[in-house]
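So the sequence lines, in the order shown, correspond to chains A and B.
Residues are numbered in my numbering as their position in the first sequence, beginning at 1, plus a constant of 1357.
Residues are numbered in my numbering as their position in the second sequence, beginning at 1, plus a constant of 13.
Quick reminder that beta carbons are idealized off the backbone N, C-alpha and C, glycines included.
Note that the structure is predicted; figures quoted are calculated from it, not measured.
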Amino acid sequence: MIRERLRPLASQAKRAYVQLMLDVVGRSLEAISQVDDEVRGEVAVLPDGFLFSMQVMPKGPALFIRKQRDGSLQYLGGGVAQRPDLSIQFKHLHHAFLVLSFQEKTAQSFANDRMLVDGDLGYAVRMTRVLNRLETFILPRLVASRAVKEYPDNLGLPEKVFSAARIYLKVAMNFVDTVRSS
Amino acid sequence: MSYYEFFCPVKVIAGQAALEHLPYEFSSRAVERPMVVTDKGVRNAGLLDKVLSACEEGGMDITVVYDDVPADSSKQTVTAIAKEYRKQKCDGILAIGGGSPIDTAKAVNILVSEGGDDIAQYAGSGVLKRPLKPFFVIPTTAGTGSEVTNVAVIADTEKEVKLPFASGFMLPDAAVIDPRMTLTLPPQITAATAMDAMTHSVEAFTCLAKNPLSDAYAAAAIKKISNNLLKVMEKPDDAERRLELAQASTMAGIAFSNSMVGLVHALGHSLGAACHLPHGLCMSLFLPYVLEYNLEEIREPLSELLLHLAGPEIYAMTPRSQRAEESIATIRKLRDDLHRHCGLPRTLQETGKVEKSQLDRIAQMTIDDGSIMFNPKEASLEDARAVLEKAWA
C-alpha cells in the first residue's frame, strides 16, 4: 500500500533528477568548451550552428547545445523547436537515470540498445568523447571511472582540480545569470 | 546484471538444392513478378542462370533482372532500379550477390515501399515504421553476412558522404544459402571473405554488446571457419565445406548484427575508404593486432575462443593463463597459411596499396568511426596509430 503511494513520488524524483543533471551537463559542456583545448579540438570539426541534443523519449527532459562560430558550445536549455543535427535519445527515463547517476557507462548504454542516435555517427562518437572528458574532469575519480570506459592515466590531480574549478565556476556563473534574467 | 536485445526474423533456407525452394518462398509471400538485383560478376560467373533455371523449373519465370549494380552503390543507382521496378510493376525483390547488390536491394526496397525518388530522406536509424515489400537474398560470397543484417550503406556521390540505413524492416523475408553459389569463388576472395566472417564472430564475442545468444552464433561460426577454411583452400570444389563456410558467414552475421563490432572494423572501414582495399582483407590485416591491443580487457572471452579456433586437444593442452595468447597465435597462423595458399596479404606493406604517409589520416578516421564505440577498450588517436604501425610490417 505504502509502496504503491510512493511509486509516483519516486518516478517524479527520478524525472526531476534527470532534468537537473541534463541541465548541469548542458551548462558544463558550455563551460568546458571554453576552457579545455582537447574539447575545442573535438568540437572544431562540427559545422558552425550545429545543433546537438540529448533527450528522453518520447517527450521527456532534454538538453540542446549549439556550436558557436568562435568554436565554443552554447547551452540552449531543454526546449528548442528546431530539429537537431544530431540527437542522442534515451528510450526511457530509467535508462537516462542509469547513465546520469553513473550506474551505467555511456558506451555500455549504447551497447545495451538503451539509446538511439539520429544523425552522423562520427559526430556522435565525437560528442561521446566530449561527454567522457567532461565527466573525467568534474567527477571524483571513483565516480568518473564508473561513467567512462577508461579513466585517462595521463590526467594528473593538479590538472583535474584546476580544470574542474574553472568549469564549476563558469557553471555557477551561468546559473546566476539564468536566475537574474528570469 | 546484464541486459541485451536480440532480433533475427530471417528465414534461413540452407543446403543442397536450396535454390529450388525459391518459387515456393515467392508464392508464400504472394510474389508473382519479382525483380532480381545483381551485378555483372554474378551474371558472368553463371550464378544468375542457376537461379533463373531453378525458378523456371519450379514454374516461375523471372523476367525482370537488373544486373548492373556497381561495386560501390550510389543514390543514383538505387533511384534507377526503383524506377525500373515501378515501370515493370514488380511485387518483390531478389538480391543475388555480395555486399553491394544486397545493400542496393535493401535501399531499393525502401524506395519502392515508402515512395519517392530520393533514398537520402530515409537515412538513419529507426526512420522506417512499417514492413516493406517481400525481399529475398541469395549471398554469393561467404563473408559479409548482409543477408541477416538490418543495415545498408549507400554512397551519396554529390555530397561525398556515405548514407547509413538501419531498420529491422530492411531484413529479408528469407536468405537462401546454396553451396553452388560460392563454389567458384576465387581463392583470395574465399580467404578474405571468410576472414571477414571470422572477424565478425571474434568481435561479436569480445566487444561491449556481447550477449549469450550472439555468443552462441559467434562461437559456432568460428568453429566452422577454423575447421573448413584451409580445407576449402586445398579443395575449392568441396561443396560440403563451401556450405559450412556459407553457413558460418550467416551465423557470424546474426551474431554481429546483435552485438556490434569494434576496433578491427573501425580501422578496416577507414583503411578501406582511404586505400580502396576489399573489406574482408582489411579485417584480416587488423584482427590479431587489435586483439593484442584489447588483450587485458578480453582475456576471458578470448581464452574461451581457443576451443573453437584450435580444437579441444590444443585447448586442453594450453595452460589457462596462456589461452588468450594462443588464440591470437592461432589466428596469426591461419593468416600465414592463407598467405601461403593464395597470397592474402598479412601486413599493410604486403598489400602494396598503402603508403605509410596515409596512416595518420587512417588513424583520425578510425577514432570517428561508429564501431569504435563498442570496442571494450577506449582507443585514442595515438592507440589507433600504434595499432596501424604494428600492422604495417
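Worksheet item: If the cut is a Cβ gap below 7 angstroms, which residues of chain A does residue 148(B) touch?
Response: Neighbourhood of residue 148(B) in chain A, by CB distance below 7 angstroms: empty, with the nearest CB roughly 24 angstroms away.
Discussion item. Which residue wins for smallest C-alpha separation from residue 223(B), given the options 267(B), 180(B), 205(B) and 263(B)?
Written reply: Proximity to residue 223(B) across 267(B), 180(B), 205(B) and 263(B) peaks at 267(B), based on C-alpha coordinates.
Worksheet item: Can you tell me whether residue 1476(A) is buried or exposed, with buried defined as 16 or more other CB within 10 angstroms of its CB?
Response: Flag for residue 1476(A) reads buried.
Worksheet item: Would the region 234–242 of chain B and the region 283–303 of chain B be scored as touching if the rule is three or more Cβ pairs under 8 angstroms?
Response: With fewer than three CB-CB distances shorter than 8 angstroms, the region 234–242 of chain B does not count as touching the region 283–303 of chain B.
Worksheet item: Of all the CB atoms in chain B, is at least one closer than 8 angstroms to the CB of residue 1417(A)?
Response: Judged by the 8 angstroms Cβ criterion, residue 1417(A) is not in contact with chain B.
Worksheet item: Given residue 191(B), which residues of its chain have a CB within under 6 angstroms of its CB, disregarding the five upstream and five downstream residues?
Response: Closer than 6 angstroms at Cβ, skipping near neighbours: 31 and 32.
Fill in: Cβ-based burial, residue 1440(A) [other Cβ within 10 Å; buried from 16]
Flag for residue 1440(A) reads exposed.
Worksheet item: Would you say residue 1499(A) faces chain B, with C-beta separation under 8 angstroms as the test?
Response: No, its Cβ sits nowhere closer than 8 angstroms to a Cβ of chain B.
Practice prompt. Take every Cβ of the region 253–270 of chain B, pair it with every Cβ of the region 175–182 of chain B, and state whether three or more of those distances are shorter than 8 angstroms.
Written response: Contact between the region 253–270 of chain B and the region 175–182 of chain B is absent: fewer than three C-beta pairs spanning the two stretches fall below 8 angstroms.
Worksheet item: Which first and last residues belong to the beta strand (DSSP E) in which residue 1450(A) is found?
Response: Element bounds for residue 1450(A): not the beta strand (DSSP E) but the alpha helix (DSSP H), 1450–1457.
Worksheet item: Taking DSSP as the reference, what is the three-state secondary structure of residue 187(B)?
Response: It is a strand residue.
Worksheet item: Taking Cβ-Cβ distances below 9 angstroms as the criterion, which residues of the region 17–28 of chain B are in contact with chain A?
Response: Hits within the stretch, in order: 17 and 18.
Fill in: Length at least 3, wholly inside the region 172–259 of chain B: the beta strand (DSSP E) runs in chain order
The qualifying runs are 174–179 and 187–190.
Worksheet item: In or out: residue 48(B) buried (at least 16 other Cβ within 10 Å) or exposed?
Response: Looking at its Cβ environment, which holds 16 or more other Cβ atoms inside 10 Å, residue 48(B) is buried.
Fill in: Spatial distance of residue 256(B) from residue 380(B) (CA atoms)
Answer to the nearest angstrom: the Cα atoms are 36 angstroms apart.
Discussion item. Less than 8 angstroms between the beta carbons of residue 294(B) and residue 215(B), yes or no?
Written reply: In this structure, residue 294(B) lies away from residue 215(B), with their beta-carbon atoms at least 8 angstroms apart.
Worksheet entry | Element boundaries [beta strand (DSSP E), containing residue 47(B)] | Note, residue 47(B): beta strand (DSSP E), 47–50.
Discussion item. Taking the alpha-carbon of residue 1389(A) as reference, which of 1491(A), 1466(A), 1497(A) and 1398(A) has the nearest alpha-carbon?
Written reply: Minimum Cα distance to residue 1389(A) is reached at 1491(A).
Worksheet item: residue 1395(A): which of 1530(A), 1527(A), 1446(A) and 1429(A) sits nearest, CA to CA?
Response: Closest option to residue 1395(A), Cα to Cα, is 1429(A).
Item to complete: In the DSSP assignment, find the alpha helix (DSSP H) that holds residue 1437(A) and state where it starts and stops.
Response: Residue 1437(A) -> no alpha helix (DSSP H), and no H or E assigned at all.
Worksheet item: Going by beta carbon distance, what residues of the same chain come within less than 6 angstroms of residue 304(B), once the five residues before and after it are set aside?
Response: So the qualifying residues of the chain are 341.
Worksheet entry | residue 377(B): first and last residue of the uninterrupted alpha helix (DSSP H) it sits in | For residue 377(B), the uninterrupted alpha helix (DSSP H) run begins and ends at 372–380, by DSSP.
Practice prompt. Note the first and the last residue of the continuous beta strand (DSSP E) segment covering residue 149(B).
Written response: Where residue 149(B) is concerned, the enclosing beta strand (DSSP E) stretches over 148–152.
Worksheet entry | Whether residue 207(B) touches residue 137(B) by CB criterion (8 angstroms) | Going by C-beta atoms, residue 207(B) is not nearer than 8 angstroms to residue 137(B).
Discussion item. The beta strand (DSSP E) that contains residue 1419(A), what's its start and end?
Written reply: That run of the beta strand (DSSP E) goes 1419–1424.
Fill in: Neighbourhood of residue 248(B) by C-beta, 8 angstroms cutoff - its chain only, sequence neighbours within 5 removed
Hits under 8 angstroms: 254.
Discussion item. Does the structure place the region 339–354 of chain B close enough to the region 310–328 of chain B that three or more beta carbon pairs sit under 8 angstroms?
Written reply: Judged by Cβ distances under 8 angstroms, the region 310–328 of chain B makes contact with the region 339–354 of chain B, as three or more pairs qualify.
Item to complete: Could you name the residues of chain A that residue 381(B) contacts, counting a contact when the two beta carbons are closer than 7 angstroms?
Response: Think of a sphere of 7 angstroms around the beta carbon of residue 381(B): the chain A residues whose beta carbon falls inside it are 1479, 1482 and 1483, in chain order.
Discussion item. Runs of 3 residues minimum, wholly inside the region 53–126 of chain B: which ones carry the beta strand (DSSP E) assignment?
Written reply: Whole beta strand (DSSP E) segments, 3+ residues: 77–79 and 105–110.
Worksheet item: Can you tell me where the alpha helix (DSSP H) with residue 277(B) in it begins and where it stops?
Response: According to the DSSP assignment, residue 277(B) belongs to the alpha helix (DSSP H) that extends over 276–288.
Discussion item. So if DSSP puts residue 1472(A) in a beta bridge, which residue, or which two residues, is it bridged to?
Written reply: According to DSSP, which records beta bridges pairwise, residue 1472(A) is partnered with 1447(A).
Worksheet item: Using the beta-carbon of each residue, which ones in chain B are nearer than 9 angstroms to residue 1439(A)?
Response: Identification of chain B residues near residue 1439(A) by a Cβ-Cβ cut-off of 9 angstroms yields none; the smallest Cβ-Cβ distance measures about 17 angstroms.
Worksheet item: Does the separation of the CB atoms of residue 23(B) and residue 160(B) fall below 8 angstroms?
Response: Taking C-beta atoms as the reference points, residue 23(B) and residue 160(B) count as a pair closer than 8 angstroms.
Practice prompt. Name, please, each residue of chain B whose Cβ falls closer than 8 angstroms to the Cβ of residue 1507(A).
Written response: At a C-beta separation below 8 angstroms, residue 1507(A) has these neighbours in chain B: 390 and 391.
Discussion item. Taking 8 angstroms as the cut-off, does the region 216–235 of chain B touch the region 368–388 of chain B (at least 3 CB pairs, one atom from each stretch)?
Written reply: Contact between the region 368–388 of chain B and the region 216–235 of chain B is present, because at least three Cβ pairs lie under 8 angstroms.
Practice prompt. Would you mind giving the Cβ-Cβ distance between residue 1408(A) and residue 1379(A), rounded to the nearest angstrom? I have them listed as a contact below 8 angstroms.
Written response: Not confirmed; about 15 angstroms, so no contact.
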